[in-house]
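These protein sequence lines are chains A and B, in that order. This note's numbering puts the first residue of the first sequence at 2, with every later residue one more than the last. This note's numbering puts the first residue of the second sequence at 2, with every later residue one more than the last. Where is the CB? At the ideal position from N, CA and C, for every residue including glycine. Since we're looking at a predicted model, the values are computed, not measured.
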Amino acid sequence: MSIKVGIPRALLYYYYHPQWVTFFRRLGVETLISQKTTRGLLDKGLKSTVDEACLPVKLAVGHVLDLRDRVDYLFLPRIVSTARKEYICPKFLGFPDMVRHTINNLPPIIDCNFNLYHKGSSSADFYFQVGKFFTRNPAKIIMAYNASKAALDKHNLDMQSDCLPQEHAAEGSADSNGINIAVIGHPYVIYDNYISMNMIKRLRDSGARVLTADHLPESVVREEAYRLPKKLFWTINQRMVGAAYHYFSREDVHGIIHVASFGCGPDSFTGELTERCARNGSNKPMLSLTVDEHTGEAGMVTRLEAFLDMVRWRRNMADAAATL
Amino acid sequence: MYVYLGIDVGSVSTNLVATGEDGTIKHSIYMRTSGKPIEVVQKGLKLMQKSLPIGTKVAGVGTTGSGRHLAGVMTGADVIKNEITTHAIAASNVVPGVQTILEIGGQDSKIIILRNGVVSDFAMNTVCAAGTGSFLDQQASRLNLSIEEFGPLALQSNVPVQIAGRCAVFAESDMIHKQQMGYNIPDILAGLCAALVRNYMNNVGKSKEILPPVVFQGGVAANAGMKWAFEKALEVEVIVPPYFNVMGALGAAMLARESTNRRKTGFRGFQVADSDFCSGGFACDGCPNICEVVEIQEGGRVIARWGDRCGRWSNALAKEEKIS
Ligand code: SF4
Ligand code: SF4
Chain A
2 MSIKVGIPRA LLYYYYHPQW VTFFRRLGVE TLISQKTTRG LLDKGLKSTV
52 DEACLPVKLA VGHVLDLRDR VDYLFLPRIV STARKEYICP KFLGFPDMVR
102 HTINNLPPII DCNFNLYHKG SSSADFYFQV GKFFTRNPAK IIMAYNASKA
152 ALDKHNLDMQ SDCLPQEHAA EGSADSNGIN IAVIGHPYVI YDNYISMNMI
202 KRLRDSGARV LTADHLPESV VREEAYRLPK KLFWTINQRM VGAAYHYFSR
252 EDVHGIIHVA SFGCGPDSFT GELTERCARN GSNKPMLSLT VDEHTGEAGM
302 VTRLEAFLDM VRWRRNMADA AATL
Chain B
2 MYVYLGIDVG SVSTNLVATG EDGTIKHSIY MRTSGKPIEV VQKGLKLMQK
52 SLPIGTKVAG VGTTGSGRHL AGVMTGADVI KNEITTHAIA ASNVVPGVQT
102 ILEIGGQDSK IIILRNGVVS DFAMNTVCAA GTGSFLDQQA SRLNLSIEEF
152 GPLALQSNVP VQIAGRCAVF AESDMIHKQQ MGYNIPDILA GLCAALVRNY
202 MNNVGKSKEI LPPVVFQGGV AANAGMKWAF EKALEVEVIV PPYFNVMGAL
252 GAAMLAREST NRRKTGFRGF QVADSDFCSG GFACDGCPNI CEVVEIQEGG
302 RVIARWGDRC GRWSNALAKE EKIS
């Protein structure tokens, strides 16, 4: 029987899953992804974490618990930096240790460092370390790494050409009656159907086309983020703000929804930056939502509804003005 | 005579309005919800029927407020709309060209910004008591004043007292302190109004451009002290429309008129006031989401369900709730 590695469906899984899964498969290692978020899974995570943790981290612990007894290894990379001279939120760095110290009876954890901060560092180093858990054959690791990189590149291109990840692609109607809504938020929040309360599906069901930071090539997002008065060195938030700049300036985008997660430090200032800088005088409607563990669905639905009414209304006005 | 009914079921109050075909109000009813939305809606329908001339026909029904879906299935509403949209529609009909709507109810408050007749921004507060009417209610009852006496007394103030209004708890102790120092009641009341306005502006009014005409509505608009405090803080005239406390219902009635335009209404008749409705709920154990499903029954027959994330229960009735 082949070795089974468990990957929590949480945090940066949403960026890197094609690469991770391909890499392990090429090494002949089976992967098991935790089930989709449910109330029960989130509750388990909430019970096992300290109050200070942000919602996505608590949720990720729930996903770890879901895998714990079903796998030979847990894959919890210690992600320090995903781009040169930038960091990502320190909670990613601490995540493997937090898990180790709060959860008992864990299988062995693969927590190699992923750190591209310094010049000359490459993601290959990380995959090499991971590969060594399973094979001594460096050639095999290199091949797996190359394949995994290709898988990620392809995935990113797919996203840019409007295939939202996984199930989202198939959901909702493609008929958008011309309304485009940009959703700005952490991927592990906006693509998680449970904590986002199906926001993407709801928007699509009501006839809007949904755009996210992942529809934009990395280069565009970065370039836009340079317009900030000062460089943000948190990669994900930089991405969010960059995407917000871009979508605010795009005529075919009719509204922007900023989704913050409860307890997230970086979000509190990206929200402000988006409102103050990215808006840049534009009067495009923007809705700010915060998801937490006990948000009622009703409140969010009311806000989304009102927001869409407003966007449609404005659009009709604009159409009317254009035909005058 | 034909009328359009608007029903606004909120957590604190439930309001009904009947408008004529020209949009004028024929009758309006304001009631406490007291946690019993079904009974209150039924009672409201009875009262409404009694006060309308015999032979009056209902040509359309619209519902709004947090209990809009409930009221919608009970009455067979033609349109079920969120409270932001209905308030905006009502205000812009009553005060054409309105650019800012301040709305303070018993448990929530909101601000709606309109430009060129269209909602361009909004914010809602549903968590902080210091920004809502319940704050004034509490303080008034501490001073043994009815809320009706409050406004006129506050207007007698010469030098309003500065009261720390950040939080309802602090405000209360600050007010007791000021009372003991011997300030007179009108000055304290005016200070309370000013504190609530500051709070509102820091909370929902944050970074919103407030342009005239400004309309002030919701239950708290009955308090002349509040109108005065807003005018002082914003330095513009604040208009309190005649039906300030039923604006949501009025907007719903207006939407009902629009949506039934030459179509037959879905209204099930005033006799639903005598139907035997009951609402119940259960926790679904179909998957670890453990959704709390709400079920509305009429005469023992289930007529609507919501609250299930996967649609297992609501779809079974083919009444899927969608955002519109
Ligand atoms: S960026 Fe925010 S949501 Fe993400 S891990 Fe850090 S604190 Fe949590
Ligand atoms: S209603 Fe659906 S999602 Fe909710 S617990 Fe039941 S099966 Fe799960």
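Residue from the options whose Cα sits closest to the Cα of residue i
i      : options                           : result
R69/A  : T83/A, I89/A, L33/A and R85/A     : L33/A
I113/B : N224/B, K209/B and M227/B         : K209/B
T103/A : N238/A, A140/A, R223/A and K45/A  : K45/A
M182/B : V162/B, C292/B and F278/B         : V162/B
D310/A : S121/B, E232/B and V13/B          : S121/B
I291/B : G300/B, Q298/B and G312/B         : G312/B
D52/A  : F263/A, N138/A, L107/A and R101/A : F263/A
D109/B : W314/B, K27/B and G66/B           : G66/B
Q272/B : I26/B, K47/B and T87/B            : K47/B
N204/B : G287/B, P187/B, T261/B and M125/B : M125/B
T50/A  : F234/A, Y227/A and D98/A          : D98/A
P109/A : V131/A, S122/A and G121/A         : V131/A
I39/B  : D275/B, S174/B, N246/B and V119/B : D275/B
G118/B : I90/B, E104/B, E236/B and I105/B  : I90/B
C90/A  : L107/A, L12/A and L47/A           : L12/A
S280/B : N262/B, E259/B, V221/B and A305/B : A305/B
P54/B  : V160/B, L71/B and A19/B           : A19/B
Beta-carbon proximity list for residue i, same chain, < 8 Å, skipping 5 on both sides
i      : result
A172/B : A131, F136, Q140, I164, A165, G166, L193 and A196
V6/A   : F25, V30, E31, T32, L33, V72, D73, Y74, L75, F76 and I111
K58/B  : M2, Y3 and V4
L330/B : As shown, chain B starts at 2 and ends at 325. That puts residue 330/B outside it, with no answer to give.
L47/A  : K59, G63 and E294
Cut-off 7 Å between Cβ atoms - residues of its own chain near residue i, not counting five sequence neighbours on either side
i      : result
H328/A : In the structure displayed, chain A extends from 2 to 325; residue 328/A sits before or after that span and is not available.
F249/A : I257, A279, R280, N281, S283 and K285
T34/B  : V10, G11, S12, V13, S14, T15 and V41
P214/B : V96, G98, V99, Q100 and I240
Y244/B : I26, S29 and L251
E168/A : Annotation note: pLDDT 43 at E168/A (below 50); position unreliable, coordinate value reported separately. Nothing meets the Cβ criterion.
A148/A : T23 and R27
D268/A : A261 and S262
F231/B : L103, V198, F217 and V239
S177/A : Low local confidence applies: a pLDDT of 46 at S177/A is under 50, so the model's placement there is unreliable, with the coordinate-based value given in what follows. Within the same chain, S177/A has close Cβ partners G208, A209 and R210.
Chain B contact residues for residue i, given Cβ-Cβ distances below 8 Å
i      : result
N281/A : Going along chain B, no residue has its Cβ under 8 Å from N281/A, so there is no contact; the nearest lies around 14 Å.
M318/A : N117, G118 and V119
Within chain A, the residues that residue i reaches when beta carbons sit closer than 7 Å
i      : result
F123/B : A307
S67/B  : A299
S208/B : E276
I291/B : R40 and G41
C288/B : T39
Contact list for residue i against chain B, beta-carbon separation under 7 Å
i      : result
W314/A : V119 and V120
G179/A : Correct list: empty, because the minimum Cβ distance to chain B is about 17 Å.
P230/A : Within chain B, no residue comes near P230/A; the closest Cβ sits about 18 Å away, beyond 7 Å.
P286/A : S121 and D122
Contact list for residue i against chain A, beta-carbon separation under 9 Å
i      : result
E84/B  : T303 and A307
S315/B : Chain A residues near S315/B: none, gap ~13 Å exceeds 9 Å.
C285/B : Those within 9 Å of C285/B in chain A number zero; the least Cβ separation is about 10 Å.
I297/B : What I297/B touches in chain A: nothing, since even the nearest Cβ is about 15 Å away.
Per DSSP, the bridge partner or partners of residue i
i      : result
I182/A : V211/A and G256/A
E293/B : A284/B
Y246/A : Note: Y246/A sits in no beta bridge, so no partner.
W235/A : Y88/A
T20/B  : Y5/B and I26/B
Q218/B : E104/B
T15/B  : V10/B and M32/B
W307/B : V295/B
L288/A : I258/A
K58/B  : Y3/B
Own chain residues within Cβ distance below 6 Å of residue i, not counting five before or after
i      : result
R240/A : A214 and V222
L256/B : G63, V80 and K82
A234/B : V198
G186/A : V260
V184/A : I191, V211, T213 and I258
E22/B  : Y3
R10/A  : I34, S35 and H64
Contacts that residue i makes with chain A (C-beta to C-beta distance below 8 Å)
i      : result
S280/B : Those within 8 Å of S280/B in chain A number zero; the least Cβ separation is about 14 Å.
Beta-carbon neighbours of residue i, restricted to chain B and to distances below 9 Å
i      : result
D310/A : K82, N83, I85, T86, A89, V120 and S325
Which runs of the alpha helix (DSSP H) at least 4 residues long sit entirely within the stretch 33–83 of chain A? Give them in chain order. 40–48 and 56–68
Mind listing, in chain order, the continuous alpha helix (DSSP H) runs of no fewer than 4 residues lying wholly within the stretch 109–158 of chain B? 134–143 and 148–156
Segments assigned beta strand (DSSP E), at least 3 residues, entirely inside the stretch 89–159 of chain A: 114–116
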